[in-house]
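Residue numbers (our numbering): -6 to 294. From the three backbone atoms N, C-alpha and C, an ideal C-beta is built for every residue, glycine too.
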Amino acid sequence: MMKIRQSAFGSEGRCGEEEKKVLTCPPVPRAHAGRARRSLIASIVCLGVLVVMTVSAMGNSIRGSRHDLSWFNQRGYGTETGPMQGATFNNYQEACIYCHTPHAANSTAAPMWNREMPDPSGYNMYSSPNFDSKVPDAPDGISLACLSCHDGTVAVDAVINKPRFHDFVDAGTHYKMSLEGTAGSESCGKCHNRQEGVYGGIGGAHDASIRYLTKDLRDDHPISLTYPTFDLDPGFNQPSLIKEDGGRAFLNGIQTFEGDKVQCASCHDPHNPDEQNMEGRDPFLRASNRNSALCLTCHAK
Ligand code: HEC
Ligand code: HEC
Ligand code: HEC
Ligand code: HEC
Ligand code: HEC
């Protein structure tokens, strides 16, 4: 699979594009930087932006992206200490460990998976009378792996195996990617939900509520359903590459997984922050959606 993905990204020259952006972009390119600049920590933030830019220049790497949980304070403040790592979740000082472990993994959801999984009951799935294939009652496979952070029911640092070869400080609190609930709830939304948060906006915490998918998936693109064959629905293009897990892939990297199912990772590559990184967003898309190219990979419209 690695081969397919690499050739898909390599052929687009996105890496080079990103490097060019590093050289030409304005000094403070991130979306929330305007707010942060007004605060007292302006100079530190600027330093942080420089660090982020350097990291981004590595291109297509998870390091320094929003999926590098060992890097959040550097992203926000340019230092290792800040309001998050070591205060709201454990800083394990490794990017991969929040999702993968080399040994004793739970690999039912995703390869070498290192996370505690959400309870599969209680989801509301997207469904429609037009659908060719049946939507299951709950998300499965890789989608459930994503939801182990994004539905806000499991703490972001709730891993099966913690680092064993170096020390880390236990934060004591273990926040979830959820909106603020009851008083004292451990929710990232305490700061990252500008409308309702106690600290809302103070310190310039960005509004991340759109990234907290919750267990109600009726407003999200359908997942965990089998990709329709041509006979079933000619409205879908058919992927040409056969994968070992039983899924199929298009040449641009868009793919289905075990059981030929559409999952979150059909459209997203959790390791690749993608073309928007320098604008402060990391859509982690497998293929650009400019001119709806991503959508039109599957939908023959
Ligand atoms: C935010 C969660 C997350 C983090 C962090 C993460 N991964 Fe993954 N990884 C996944 C998921 C989900 C899959 C399965 C979906 C897929 O194949 O893209 C996966 C699949 C993989 C695979 C097998 C499929 C492939 O792409 O070859 C490898 C290898 C891998 N990850 C390596 C790494 C390494 C190395 C790191 C750290 C630098 C890392 N991952 C960090 C979520 C993560
Ligand atoms: C270890 C927890 C974790 C896992 C597992 C995880 N994510 Fe994330 N993801 C995050 C965090 C934290 C953010 C940043 C949230 C914020 O901006 O405050 C994020 C951000 C994102 C974003 C970017 C949002 C934006 O607009 O910049 C996308 C897209 C995304 N994740 C998709 C996925 C997909 C797809 C999977 C599974 C393949 C996945 N994530 C698995 C923690 C996780
Ligand atoms: C005490 C308030 C607070 C809490 C709780 C908090 N954060 Fe933050 N976070 C901030 C501030 C302030 C910043 C810096 C400004 C910004 O980038 O939004 C920040 C920055 C970030 C960034 C970097 C954003 C970027 O654009 O580079 C991510 C990602 C993030 N937080 C995710 C989380 C996650 C996930 C949680 C829960 C596990 C969390 N935060 C909990 C206050 C908080
Ligand atoms: C059919 C393709 C597809 C599937 C399946 C999919 N996404 Fe997305 N996702 C996208 C696109 C396209 C965007 C928009 C990126 C943009 O606006 O630049 C996006 C945006 C996001 C964002 C960022 C929201 C924002 O606007 O900041 C998150 C987080 C995310 N997806 C997570 C997930 C998770 C978790 C799953 C599985 C439950 C999933 N996605 C399934 C295509 C998909
Ligand atoms: C990986 C392939 C794939 C990609 C990429 C994809 N879709 Fe889909 N989409 C599907 C499948 C499969 C269904 C379920 C349809 C069925 O069974 O008839 C679906 C369903 C839908 C539906 C619901 C139709 C209904 O009857 O309710 C809409 C709307 C939709 N997609 C829009 C989009 C948009 C917009 C994008 C780009 C952001 C996108 N899709 C990207 C595979 C994909």
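- Can you give me the start and stop residues for the alpha helix (DSSP H) that Phe65 sits inside? Phe65 to Tyr70
- Task: May I have the straight-line CA-CA distance separating Asp163 from Leu210, to the nearest angstrom?
- Result: 32 Å
- What is the rounded straight-line gap between the Cα of Pro74 and the Cα of Gly57? It is worth fixing the name first, because residue 74 is Thr in this sequence and not Pro. If you take the alpha carbons of Thr74 and Gly57, they lie about 15 Å apart.
- Please state whether DSSP places Leu137 in a helix, a strand or coil. helix
- Using the beta-carbon count (16 or more within 10 Å), is Gln256 buried or exposed? buried
- For my contact list, His143 and Tyr205 are in at a C-beta cut-off of 8 Å; report their separation, rounded to the angstrom. 7 Å
- Own chain residues within Cβ distance below 7 Å of Tyr168, not counting five before or after: Thr81, Phe82, Ala148, Val149, Glu179, Ser180 and Cys181
- Query: Tell me the DSSP bridge mates of Lys169?
  - Reply: Ala148 and Ser180
- Message: Using C-beta distances below 7 Å, list every residue in its chain close to Ile90, excluding the 5 sequence neighbours before and after it, in chain order.
- Response: Asn107, Val152 and Pro156
- Message: Since Leu278 and Cys291 should fall inside the 8 Å C-beta cutoff, what is the C-beta to C-beta distance between them, to a whole number of angstroms?
- Response: At roughly 13 Å, the Cβ-Cβ gap does not stay under 8 Å, so Leu278 and Cys291 are not in contact.
- Say yes only if the C-beta of His168 is nearer than 7 Å to one or more non-hydrogen atoms of ligand 3, and no if none qualify. It should be pointed out that residue 168 corresponds to Tyr in this sequence rather than to His. The answer is yes for Tyr168.
- Query: On the premise that Asp130 lies in contact with Met118, defined as a C-beta separation below 8 Å, what is that separation, rounded to the nearest angstrom?
  - Reply: 7 Å
- Message: Am I right that Gly145 and Thr219 are in contact with their C-beta atoms under 8 Å? What's the rounded C-beta distance?
- Response: In fact, because the Cβ distance is near 27 Å, the residues do not count as touching under 8 Å.
- Message: Which same chain residues end up closer than 7 Å to Arg28 when comparing Cβ atoms and leaving out the 5 residues on each side of it in sequence?
- Response: Only weak support is given to the placement of Arg28: the predicted model assigns it a pLDDT of 36, under 50, and the question is left unresolved by the model.
- Message: Alpha carbons only, please: which of Pro221, Phe223, Leu225 and Thr249 is nearest the one belonging to Cys234?
- Response: Position check: residue 234 holds Leu in this sequence, whereas Cys was assumed. Among Pro221, Phe223, Leu225 and Thr249, the Cα nearest to that of Leu234 is on Thr249.
- Task: From the DSSP output, in three-state form, read off Ile153 for me.
- Result: coil
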